[in-house]
Each structure stands twice: as structure tokens, then as C-alpha cells.
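Participant:
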């Protein structure tokens, strides 16, 4: 297991597609998330530059974070999902590095809001807070603490409304 604390991050390129799929397949119990990434790649929700990979010093891809277009009612936002790291590199900071780079890239592109449905003990370290506290919800039942949102800049407070995901998410 690696104990590396600094990871190189960059936007995914077309040459990375198969390696990203392998990372996502390895990180989850089923192929659902890998199939989701593949479906999002061909969907209008895909935004070039917001699929971020983390690499080791030799350029080996070990982690991936993806932001795609969603909406909070009619307000454009981004969805962080999935975040994947090869099992042998989990808990080394590779996923965090990819997430931080993705969030900064989104901010640099002029995006304002990001949602995530994920582990409530993990995502707050990036500034995510409980979405329901901002009047943000989903059309499906999920644990309240697992649905979180983030405003990328103080000048744009989170809107309230219902999150509408890209069609490949199926919700």
C-alpha cells in the first residue's frame, strides 16, 4: 500500500478512458458506476476538463473524480460522482487530490454549485454541507445526511430546489 501524500492531478484525456474504467471497476463492487461514467461520457451533461485523474510519480492512474452537469430546479449545478481510487491506493489522499482539482477546475470555469450524494463523514472536508439545510432535495429517498451541496464562491449562495441529475443516473 502506498503512503504517498502528494498526487499529480490533471484532466482526463482520451488516452485515459480505459484506465479510468479499470479504476472505477476496481473501486466498486459492481460495474454500475463504471457503466455510468461511460454513459455520462456520451451525454450532454459531460463537461470537458471536469473528469480529473490522480497519478503517481510514474504517471500511473490511481484515482478519478467526475463532475457532470445537473440542475437544482432550473439553476445549473454540478454533480460529483463517482469518485474512485484503486483499492491499494485508497486512504492515501489520491481521491481527495482529484476532488480538490475538480472543484478548482469547476470554479475556474465559472461554475457555482456542486452536489454530492456520498459518505457524510468524507465530503464535508471539501466544504460540502447537508443539502436539506439549504432547501435542496431529491425526488428519491436517500439518507438526509448523505445528500450534500457546496457553493464554490461566497458570491453565489446555494439555491433551493430539487436536484435533477443527468439522464444516465436514472433518477
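Residue numbers (our numbering): 25 to 195. Here a beta-carbon is modelled for each residue, glycine too, at the ideal position from N, C-alpha and C.
Does the beta carbon of residue 163 come closer than 8 Å to any beta carbon on chain C?
Facilitator: Of the protein chains in this structure there is only one, and it is not chain C.
Participant: Can you tell which of 56, 62 and 121 has its C-alpha closest to the C-alpha of residue 80?
Facilitator: Residue mapping note: residue 80 aligns to position 56 of the chain shown, counting from 1. Per the Cα distances, 121.
Participant: Following the continuous alpha helix (DSSP H) through residue 83, name the residue where it begins and the one where it ends.
Facilitator: As a first step, residue 83 must be located in the chain shown, where it is residue number 59. Note, residue 83: premise wrong, no alpha helix (DSSP H); not H, not E.
Participant: Hey, residue 91 and residue 61: beta-carbon distance below 8 Å or not?
Facilitator: Along the chain shown, one-based indexing puts residue 91 at 67. Along the chain shown, one-based indexing puts residue 61 at 37. No. Outside cutoff.
Participant: According to DSSP, which residues form a beta bridge with residue 140?
Facilitator: Reading the chain shown from its first residue, position 116 is the one you call residue 140. DSSP output for residue 140 lists 172 as bridge partner(s).
Participant: Going by C-alpha distance, which of 49, 111 and 151 is nearest residue 58?
Facilitator: One-based indexing of the chain shown puts residue 58 at position 34. Among 49, 111 and 151, the Cα nearest to that of residue 58 is on 49.
Participant: For residue 195, which of helix, strand or coil comes out of DSSP?
Facilitator: Here residue 195 corresponds to residue number 171 of the chain shown, with the count starting at 1. DSSP places residue 195 in coil when its eight states are reduced to three.
Participant: By the three-class DSSP mapping on this structure, what secondary structure does residue 190 have?
Facilitator: Position 166 of the chain shown holds residue 190. If DSSP states are grouped into helix, strand and coil, residue 190 belongs with coil.
Participant: Do residue 77 and residue 36 have their beta-carbon atoms positioned less than 8 Å apart in this structure?
Facilitator: Within the chain shown, numbered from 1, the residue matching residue 36 stands at position 12. Within the chain shown, numbered from 1, the residue matching residue 77 stands at position 53. In contact: residue 36 and residue 77 (Cβ atoms closer than 8 Å).
Participant: Classify residue 76 as helix, strand or coil using the three-state DSSP reduction.
Facilitator: Here the question's residue 76 lines up with position 52 in the chain shown. Three-state result, residue 76: strand.
Participant: DSSP on residue 158, reduced to helix/strand/coil?
Facilitator: By 1-based counting over the chain shown, the position of residue 158 is 134. Residue state, collapsed to three classes: helix.
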